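What follows is one structure encoded as structure tokens, with my remarks underneath.
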């Protein structure tokens, strides 16, 4: 009876997760875990929902609890691979992805996750192999086609990227990630208007979709050189985990200060002052630019209206 | 009854005084550590942060670490081991870097809980008045003592 109740709650949570109702999904899994706190699948499902809600530390705790409770479940290893990829613990993520692939249940989506890990590890050739394997298992898998398009785009093969993303959108015209990649393909072609349409479609479906917001911002940043500089800096910094981000920011500070001190002590006072004001300007800019950007986005997104025929 | 997720903050009676972690971070730069670090600690308590203990330890570590580094630099400078000019300024830069790293680390740790706190509809107070007041009081607080140890610990700045 309990197991049936938990299954129903987890199924409902999965529906809510797909609808991007993260809060609703999390509450349903919490109810399932209140019934049985040792339910490994429920802990894994919770980790997935928390990851979608960008609560990575809690997702990490939940997936490790799931693994401790049940170490032989393919789904749990699959979720572990996804969560650890987000944590940028790529070797651990790859180990779990391999177990998920080896269990004989290596479906297309597991291959896609494994390919994403390889991309982050810098092995694009292996990633491509995995994506082609995914497409052998399921020729019209939208996720695999989307990732392949992303891979081709990053490799500079725009025509191939365009071809794959068209197929992905044909397979699932409402897939948000596919629209995001289609937007970047359009941006690479210089078609800002088409890119913006893709971004607006994604944000109409889920206003907090991170990749959709990034695409929308990338479109806007391309049109504004001033905020565009900050956006590129921010994107570059945010590719790293928290500790590396802090190290990078502090490192920039230390280099700037050493240059200021050394030029000042060597008698180049004008240069030292110039560096000092430059550093202050950089600090002010990086402090206020995100807020300006956020306000700008809010205004822009406030104008998004659903088509009455939608 | 519901399952408690590890990152969920617990409700406290001080919830009305929670501010964004960027507020103490800004305070560290424009007012000084005397305001910023205790403010981080208060914010962690007010938010009912599940990482409260860790955050309080970071604050304590920041004060103790800065004091130890400052005493070392003062000892080396007074003993003549650290010549004035570039070496002394670089040594002070080392302390400032340590303070800034600790402040950023506190901000990053608190930001995680704040994200969840805000997600569950927790109230957030505007910190403008406190930062303005802190900026106004900065000179008075730093001027409480002319001991370099005191100045190094409580000062801020970018």
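Protein chains in written order, with the numbering used here: chain A, 32 to 341; chain B, 66 to 223. For glycine and all other residues, C-beta sits at the position ideal for the given N, C-alpha and C. Keep in mind it's a predicted model, so treat the numbers as computed, not measured.
Where does residue i sit, in a helix, a strand or coil, going by DSSP?
i: residue 201(A); result: helix
i: residue 210(B); result: coil
i: residue 206(A); result: coil
i: residue 11(A); result: The structure shown does not extend to residue 11(A), since chain A is modelled only from 32 to 341, so the question has no answer here.
i: residue 220(A); result: coil
i: residue 131(B); result: helix
i: residue 47(A); result: helix
i: residue 70(B); result: coil
i: residue 80(A); result: helix
i: residue 237(A); result: coil
i: residue 33(A); result: helix
i: residue 185(A); result: helix
i: residue 41(A); result: helix
i: residue 298(A); result: coil
i: residue 191(A); result: helix
i: residue 95(A); result: helix
i: residue 100(A); result: helix
i: residue 83(B); result: coil
i: residue 96(B); result: coil
i: residue 201(B); result: helix
i: residue 223(B); result: Here residue 223(B) scores only 49 on pLDDT, less than 50, and its place in the model is too uncertain to base an answer on.
i: residue 191(B); result: coil
i: residue 70(A); result: coil
i: residue 231(A); result: helix
i: residue 216(B); result: helix
i: residue 182(B); result: helix
i: residue 77(B); result: coil
i: residue 52(A); result: coil
i: residue 324(A); result: helix
i: residue 86(A); result: coil
Relative to the C-alpha of residue i, which candidate in the options has its C-alpha closest?
i: residue 280(A); options: 264(A), 212(A) and 119(A); result: 264(A)
i: residue 213(B); options: 169(B), 136(B) and 163(B); result: 136(B)
i: residue 87(A); options: 186(B), 177(B) and 193(B); result: 177(B)
i: residue 74(A); options: 138(B), 156(B) and 68(B); result: 68(B)
i: residue 225(A); options: 193(A), 238(A) and 256(A); result: 193(A)
i: residue 199(B); options: 182(B), 187(B) and 104(B); result: 104(B)
i: residue 126(A); options: 138(A), 149(A), 139(A) and 140(A); result: 149(A)
i: residue 68(A); options: 45(A), 154(A) and 96(A); result: 96(A)
i: residue 207(A); options: 185(A), 234(A) and 113(A); result: 234(A)
i: residue 167(B); options: 88(B), 126(B), 76(B) and 210(B); result: 126(B)
i: residue 142(B); options: 132(B), 156(B) and 130(B); result: 156(B)
i: residue 180(B); options: 256(A), 297(A), 81(A) and 48(A); result: 81(A)
i: residue 310(A); options: 238(A), 116(A) and 283(A); result: 283(A)
i: residue 52(A); options: 238(A), 298(A) and 267(A); result: 238(A)
Does the distance from the CB of residue i to the CB of residue j come in under 8 Å?
i: residue 250(A); j: residue 230(A); result: yes
i: residue 158(B); j: residue 288(A); result: yes
i: residue 76(A); j: residue 94(A); result: no
i: residue 102(B); j: residue 140(B); result: no
i: residue 36(A); j: residue 66(A); result: yes
i: residue 261(A); j: residue 315(A); result: no
i: residue 40(A); j: residue 71(A); result: no
i: residue 160(B); j: residue 134(B); result: yes
i: residue 307(B); j: residue 98(B); result: In this structure chain B extends from 66 to 223, so residue 307(B) is not present and cannot be described.
i: residue 180(A); j: residue 216(A); result: yes
i: residue 191(A); j: residue 183(A); result: yes
i: residue 44(A); j: residue 59(A); result: yes
i: residue 118(A); j: residue 153(A); result: no
i: residue 285(A); j: residue 162(B); result: yes
i: residue 209(A); j: residue 199(A); result: yes
i: residue 192(B); j: residue 109(B); result: no
i: residue 124(B); j: residue 106(B); result: yes
* Segments of 3+ residues assigned as beta strand (DSSP E) that fall wholly inside the stretch 106-178 of chain A -> none
* Asked: Using 8 Å as the threshold, is the stretch 143-151 of chain B in touch with the stretch 262-280 of chain A, meaning 3 or more CB pairs across them?
  -> no
* To do: Mind listing, in chain order, the continuous beta strand (DSSP E) runs of no fewer than 3 residues lying wholly within the stretch 240-285 of chain A?
  => none
* At least 3 beta-carbon pairs within less than 8 Å: the stretch 89-96 of chain B vs the stretch 118-130 of chain B -> no
* Taking three-plus beta-carbon pairs below 8 Å as touching, is the stretch 137-146 of chain A in contact with the stretch 160-177 of chain A? -> yes
* To do: Could you tell me whether the stretch 105-114 of chain A touches the stretch 123-132 of chain A, where touching means 3 or more Cβ pairs closer than 8 Å?
  => yes
* Asked: Between the stretch 174-184 of chain A and the stretch 196-215 of chain A, do three or more beta carbon pairs fall short of 8 Å?
  -> yes
* **Secondary structure, alpha helix (DSSP H): runs of 4+ residues fully inside the stretch 102-174 of chain B** => 117-143
* Answer yes if the stretch 169-184 of chain B comes into contact with the stretch 283-300 of chain A, meaning at least three C-beta pairs across the two stretches below 8 Å, and no otherwise. => no
* Are the stretch 73-89 of chain B and the stretch 109-117 of chain B touching, with three or more C-beta to C-beta distances below 8 Å? -> yes
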